[in-house]
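A.B. asks:
2 protein chains.
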Amino acid sequence: MPDEVFDQVLSGVVDGELAPGEALPSERRLAEVLGVSRPAVREALQRMAQTRLLDVRHGGATTVRDFRRHAGLDLLPRLLVRGGTLVPDVARSILEARLAVGPAVAALAAERGGPTLAAALTETLDALAATDDDVERQLHALAFWDQVVDAADSMVFRLMFNSLRAAYEPALDALAPLMAAEVGQVDAYRLLTSALGSGDPETARAAADRVLRPATTQLLSALERLEEAP
Amino acid sequence: MPDEVFDQVLSGVVDGELAPGEALPSERRLAEVLGVSRPAVREALQRMAQTRLLDVRHGGATTVRDFRRHAGLDLLPRLLVRGGTLVPDVARSILEARLAVGPAVAALAAERGGPTLAAALTETLDALAATDDDVERQLHALAFWDQVVDAADSMVFRLMFNSLRAAYEPALDALAPLMAAEVGQVDAYRLLTSALGSGDPETARAAADRVLRPATTQLLSALERLEEAP
DNA sequence: GGGGACAACTGGTCTGACCTCTTGACCTCT
DNA sequence: AGAGGTCAAGAGGTCAGACCAGTTGTCCCC
Numbered sequence: 007m008p009d010e011v012f013d014q015v016l017s018g019v020v021d022g023e024l025a026p027g028e029a030l031p032s033e034r035r036l037a038e039v040l041g042v043s044r045p046a047v048r049e050a051l052q053r054m055a056q057t058r059l060l061d062v063r064h065g066g067a068t069t070v071r072d073f074r075r076h077a078g079l080d081l082l083p084r085l086l087v088r089g090g091t092l093v094p095d096v097a098r099s100i101l102e103a104r105l106a107v108g109p110a111v112a113a114l115a116a117e118r119g120g121p122t123l124a125a126a127l128t129e130t131l132d133a134l135a136a137t138d139d140d141v142e143r144q145l146h147a148l149a150f151w152d153q154v155v156d157a158a159d160s161m162v163f164r165l166m167f168n169s170l171r172a173a174y175e176p177a178l179d180a181l182a183p184l185m186a187a188e189v190g191q192v193d194a195y196r197l198l199t200s201a202l203g204s205g206d207p208e209t210a211r212a213a214a215d216r217v218l219r220p221a222t223t224q225l226l227s228a229l230e231r232l233e234e235a236p
Numbered sequence: 007m008p009d010e011v012f013d014q015v016l017s018g019v020v021d022g023e024l025a026p027g028e029a030l031p032s033e034r035r036l037a038e039v040l041g042v043s044r045p046a047v048r049e050a051l052q053r054m055a056q057t058r059l060l061d062v063r064h065g066g067a068t069t070v071r072d073f074r075r076h077a078g079l080d081l082l083p084r085l086l087v088r089g090g091t092l093v094p095d096v097a098r099s100i101l102e103a104r105l106a107v108g109p110a111v112a113a114l115a116a117e118r119g120g121p122t123l124a125a126a127l128t129e130t131l132d133a134l135a136a137t138d139d140d141v142e143r144q145l146h147a148l149a150f151w152d153q154v155v156d157a158a159d160s161m162v163f164r165l166m167f168n169s170l171r172a173a174y175e176p177a178l179d180a181l182a183p184l185m186a187a188e189v190g191q192v193d194a195y196r197l198l199t200s201a202l203g204s205g206d207p208e209t210a211r212a213a214a215d216r217v218l219r220p221a222t223t224q225l226l227s228a229l230e231r232l233e234e235a236p
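As you go down the protein sequences, you meet chains A and B in turn.
As numbered in the numbering used here, residues 7 to 236 make up the first sequence, in order.
As numbered in the numbering used here, residues 7 to 236 make up the second sequence, in order.
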């Protein structure tokens, strides 16, 4: 029950029906209107407040905050799909971020990975190469990057990766065909693996770029066409 | 009251007292042990579940998840300070991420900013140059990057920035002296501004690097010394 | 020994009451 | 008439207790 209330209020906020600064009805009133108990709406509002989408003050009114200014990366999944369909603008920004961050992570991983990293990655790649299923390949690629992020030994990049994966995984089935080209380039991945094993950050950065860029530019132009003629 | 429970459970999880996979006591028992009502612990656990730190199943036990694998970037503030002091490892990763992402954002902003961007940034820089207070300068620098991120027109980078700022702002007073060197380089910021106005992404990327790198390398070596001899 | 029913958990939800704090209107004093 | 304080209405915060709805493990019967 609280989940439904949370969803409704969240939709109101991200869709702009509830403008920043606007005051929400009182918890009791909301409970009455939505036909649920007050604890249910209270829990929903508290969760909204935790994600910095609402400002709830004891004794005063609960007001809407500007999510564009305060929301964290964990909101991404809710912004990526709106009304059941992908939002091209947000998808584009994910691709851009991936292309910017991936090589940087690879560079750090090359510095810190050690010899065991390449071995583990090779194993993952072998599993990837062994299947023809797009979704399964996608999962192996995800595991590959998971290991790279681990090797980079960076809490921030680790949390970023988790947040991005949380946005990606729910739509994995739909996205797998689009990403099939990238994940099919096993050669590029093998080059990246040996670059990571070599310990040279710049080589690894370039190799990661070579893995990510083709699909990125391809999908970006696809998104552009989509935005022009939906 | 729920906040305190949330804090306690969260501390247990991030400090490792509650291992991943471990089952929590039932809500009723927790309420009894902690001396609070069940709604209070329920709200706390639900908020933990929302941040993917717990797995709560109807009818079954509530178990601890591996936050390193599932937590999002919004957890960063809680990981940056542990027991009242900065965690060097996490601080290092923030600096690294900043150095990697900042120039990428600047490149996008240069492509999309338009002529109004440089004018707005110049105004912010004038305000920065006009004050001698470290904290105030820090806030102006934050506003500067806020405008750059806006110009980059990327939802992912916007949310990343929000999350990083949420980790940074609470410790701003303590961090301002450390960052004073960077924020004092008004010339480098002015160069970045004109690069952003020129519309050339690579020039902007290089200029952003020149702004961020000096303080980054300086602080990184300071952190290294700190970790060797705490 | 295997399979199904039941009982003892778990979390999920609601009602209704009481507390504390904010807010704004109203009244008083200047 | 305006500035100040007072107070009541209404906001969120918390609790107790009850009941619903799933899961799980045991125990009994076949």
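We put the beta carbon where it would ideally sit given N, CA and C, even for glycine.
Go ahead and label residue 83 of chain A buried or exposed: buried means 16 or more other beta carbons lie within 10 angstroms of its beta carbon, across all protein chains shown.
C.D. replies: The residue given as residue 83 of chain A occupies position 77 in the first sequence. Buried, since its Cβ has 16 or more Cβ neighbours within 10 Å.
A.B. asks: What does residue 204 of chain B touch in chain A if you count any residue whose Cβ is under 7 Å from its own?
C.D. replies: By 1-based counting over the second sequence, the position of residue 204 of chain B is 198. Within 7 Å Cβ-Cβ: nothing; residue 204 of chain B doesn't reach chain A, min ~20 Å.
A.B. asks: What is the residue span of the alpha helix (DSSP H) that residue 316 of chain B lies within?
C.D. replies: Any answer about residue 316 of chain B is impossible in this case: the structure gives chain B only from 7 up to 236.
A.B. asks: Just to confirm, are residue 113 of chain B and residue 210 of chain B a CB contact at a threshold of 9 Å?
C.D. replies: As a first step, residue 113 of chain B must be located in the second sequence, where it is residue number 107. As a first step, residue 210 of chain B must be located in the second sequence, where it is residue number 204. Taking 9 Å as the Cβ cut-off, residue 113 of chain B and residue 210 of chain B qualify as a contacting pair.
A.B. asks: When DSSP labels each residue in this structure, what does residue 35 of chain B get in the three-state scheme?
C.D. replies: As a working mapping, residue 35 of chain B is identified with position 29 in the second sequence. Three-state result, residue 35 of chain B: helix.
A.B. asks: Out of B/79, B/159 and B/11, which has the shortest C-alpha to C-alpha gap to residue 166 of chain A?
C.D. replies: As a first step, residue 166 of chain A is located in the first sequence; it is residue number 160 there, counting from the start. Comparing Cα positions, the closest option is B/79.
A.B. asks: Report yes if the CB atom of residue 250 of chain A is closer than 9 Å to the CB atom of residue 92 of chain A, and no otherwise.
C.D. replies: This structure does not reach residue 250 of chain A, given that chain A is present from 7 up to 236, and the question cannot be answered.
A.B. asks: Can residue 46 of chain A and residue 37 of chain A be called in contact, C-beta distance under 9 Å?
C.D. replies: Numbered from 1 along the first sequence, position 40 holds the residue referred to as residue 46 of chain A. Numbered from 1 along the first sequence, position 31 holds the residue referred to as residue 37 of chain A. For residue 46 of chain A and residue 37 of chain A, yes; Cβs fall inside 9 Å.
A.B. asks: Can we say the segment 143-159 of chain A touches the segment 51-68 of chain A, given the rule of at least three CB pairs closer than 8 Å?
C.D. replies: No, the segment 143-159 of chain A is not in contact with the segment 51-68 of chain A.
A.B. asks: Which residue from B/128, B/143, B/24 and B/48 puts its Cα closest to that of residue 8 of chain A?
C.D. replies: To locate residue 8 of chain A, count along the first sequence from 1; it is residue 2. Among B/128, B/143, B/24 and B/48, the Cα nearest to that of residue 8 of chain A is on B/48.
A.B. asks: Output yes if chain B places a C-beta closer than 9 Å to the C-beta of residue 78 of chain A; else output no.
C.D. replies: Numbered from its first residue, the first sequence carries residue 78 of chain A at position 72. True, the Cβ-Cβ gap to chain B drops below 9 Å.
A.B. asks: Can you tell which of A/200, A/174, A/163 and A/190 has the C-alpha that lies nearest to the C-alpha of residue 100 of chain B?
C.D. replies: In the second sequence, residue 100 of chain B corresponds to position 94, counting from 1. Out of A/200, A/174, A/163 and A/190, A/163 has the C-alpha closest to the C-alpha of residue 100 of chain B.
A.B. asks: If residue 182 of chain B and residue 138 of chain B are in contact, beta carbons under 8 Å, what's the gap, nearest whole angstrom?
C.D. replies: Mapped onto the second sequence, residue 182 of chain B falls at position 176. Mapped onto the second sequence, residue 138 of chain B falls at position 132. With a Cβ gap of about 12 Å, residue 182 of chain B and residue 138 of chain B do not count as contacting.
A.B. asks: In chain B, which residues lie less than 9 Å from residue 121 of chain A when you measure between Cβ atoms?
C.D. replies: Residue 121 of chain A sits at position 115 when you count from the first residue of the first sequence. Ordered by position in chain B, no residue passes the 9 Å Cβ test against residue 121 of chain A, which lies about 23 Å from the chain.
A.B. asks: Measuring CB to CB, does residue 145 of chain A end up less than 9 Å from residue 178 of chain A?
C.D. replies: One-based indexing of the first sequence puts residue 145 of chain A at position 139. One-based indexing of the first sequence puts residue 178 of chain A at position 172. Cβ atoms of residue 145 of chain A and residue 178 of chain A: closer than 9 Å.
A.B. asks: From this set, A/203, A/172, A/208 and A/217, which residue's C-alpha is nearest residue 189 of chain A's C-alpha?
C.D. replies: Along the first sequence, read from residue 1 onward, the residue named residue 189 of chain A stands at position 183. Among A/203, A/172, A/208 and A/217, the Cα nearest to that of residue 189 of chain A is on A/217.
A.B. asks: Which residues mark the beginning and the end of the alpha helix (DSSP H) in which residue 42 of chain B is found?
C.D. replies: Residue 42 of chain B sits at position 36 when you count from the first residue of the second sequence. Unbroken run through residue 42 of chain B: none, as it is neither H nor E.
A.B. asks: Could you check if residue 122 of chain B is buried or exposed, using at least 16 other CB atoms within 10 Å of its CB as the buried criterion?
C.D. replies: Position 116 of the second sequence, counted from the first residue, corresponds to residue 122 of chain B. Exposed.
A.B. asks: Between residue 152 of chain B and residue 26 of chain B, what straight-line distance do the alpha-carbon atoms span, to the nearest angstrom?
C.D. replies: For the purposes of this step, residue 152 of chain B is identified with residue 146 of the second sequence, where counting begins at 1. For the purposes of this step, residue 26 of chain B is identified with residue 20 of the second sequence, where counting begins at 1. Residue 152 of chain B and residue 26 of chain B: Cα-Cα distance of roughly 37 Å.
A.B. asks: How would you write the range of the alpha helix (DSSP H) that residue 16 of chain A sits in, first residue to last?
C.D. replies: Residue numbering aside, residue 16 of chain A sits at position 10 when the first sequence is read from its first letter. Element bounds for residue 16 of chain A: 8-20.
A.B. asks: Strictly under 9 Å for the Cβ-Cβ distance: is residue 106 of chain B near chain A by that measure?
C.D. replies: Numbered from its first residue, the second sequence carries residue 106 of chain B at position 100. Yes, because at least one Cβ of chain A sits closer than 9 Å to the Cβ of residue 106 of chain B.
A.B. asks: Just to confirm the assignment: which complete alpha helix (DSSP H) runs, minimum length 4, are found wholly within the segment 82-144 of chain B?
C.D. replies: The segment 82-144 of chain B contains these whole alpha helix (DSSP H) runs: 82-86, 94-118 and 121-135.
A.B. asks: Using a Cβ-Cβ cut-off of 9 Å, state whether residue 161 of chain B counts as contacting chain A.
C.D. replies: As a first step, residue 161 of chain B is located in the second sequence; it is residue number 155 there, counting from the start. So yes, residue 161 of chain B belongs to the interface.
A.B. asks: From B/185, B/76, B/23 and B/201, pick the residue whose C-alpha is nearest to that of residue 118 of chain B; which is it?
C.D. replies: To locate residue 118 of chain B, count along the second sequence from 1; it is residue 112. When only C-alpha atoms are compared, the closest one is B/201.
A.B. asks: Leaving out the 5 sequence neighbours to the left and right, which residues in its chain are closer than 8 Å to residue 206 of chain A when beta-carbon positions are compared?
C.D. replies: Here residue 206 of chain A corresponds to residue number 200 of the first sequence, with the count starting at 1. Cβ neighbours of residue 206 of chain A beyond the five flanking positions: 116.
A.B. asks: Would residue 120 of chain A be called buried (16 or more neighbouring beta carbons within 10 Å of its own) or exposed?
C.D. replies: The residue given as residue 120 of chain A occupies position 114 in the first sequence. Looking at its Cβ environment, which holds fewer than 16 other Cβ atoms inside 10 Å, residue 120 of chain A is exposed.
A.B. asks: Using the three-state DSSP reduction, which class does residue 173 of chain B fall into: helix, strand or coil?
C.D. replies: Locating residue 173 of chain B in the second sequence gives position 167, counting from the first residue. Reduced to three states, the DSSP call for residue 173 of chain B is helix.
A.B. asks: In the structure shown, what three-state DSSP assignment does residue 68 of chain A receive?
C.D. replies: For the purposes of this step, residue 68 of chain A is taken as residue 62 along the first sequence, with counting starting at 1. Here residue 68 of chain A sits in coil by DSSP.
A.B. asks: Give the range of the alpha helix (DSSP H) segment to which residue 188 of chain A is assigned.
C.D. replies: Translated into positions along the first sequence, residue 188 of chain A becomes position 182. Looking at the DSSP string, the run of the alpha helix (DSSP H) that includes residue 188 of chain A is 178-190.
A.B. asks: Thinking C-alpha only, which one of B/172, B/22 and B/214 is nearest residue 192 of chain B?
C.D. replies: The residue labelled residue 192 of chain B in the question sits at position 186 within the second sequence. The candidate whose alpha carbon is nearest that of residue 192 of chain B is B/214.
A.B. asks: Identify the continuous alpha helix (DSSP H) that holds residue 58 of chain B and give its terminal residues.
C.D. replies: Taking the second sequence and counting its residues from 1, one reaches residue 58 of chain B at position 52. No alpha helix (DSSP H) contains residue 58 of chain B, which DSSP labels as neither H nor E.
A.B. asks: List the residues of chain B whose Cβ lies closer than 8 Å to the Cβ of residue 94 of chain A, in chain order.
C.D. replies: Locating residue 94 of chain A in the first sequence gives position 88, counting from the first residue. Simply none; closest approach about 11 Å.
A.B. asks: Given that a residue counts as buried once 16 or more other Cβ atoms are within 10 Å of its Cβ, and exposed if not, what is residue 57 of chain A?
C.D. replies: Looking up residue 57 of chain A in the first sequence gives position 51. So residue 57 of chain A ends up on the buried side.
A.B. asks: Check the Cβ-Cβ distances between residue 10 of chain A and every residue of chain B, and say whether any is below 9 Å.
C.D. replies: In the first sequence, residue 10 of chain A corresponds to position 4, counting from 1. It does not: the Cβ of residue 10 of chain A has no partner Cβ on chain B nearer than 9 Å.
A.B. asks: What number of angstroms, rounded off, separates the C-alpha of residue 10 of chain B from the C-alpha of residue 175 of chain B?
C.D. replies: As a position in the second sequence, residue 10 of chain B is number 4, starting the count at 1. As a position in the second sequence, residue 175 of chain B is number 169, starting the count at 1. Each residue's alpha carbon lies about 22 Å from the other.
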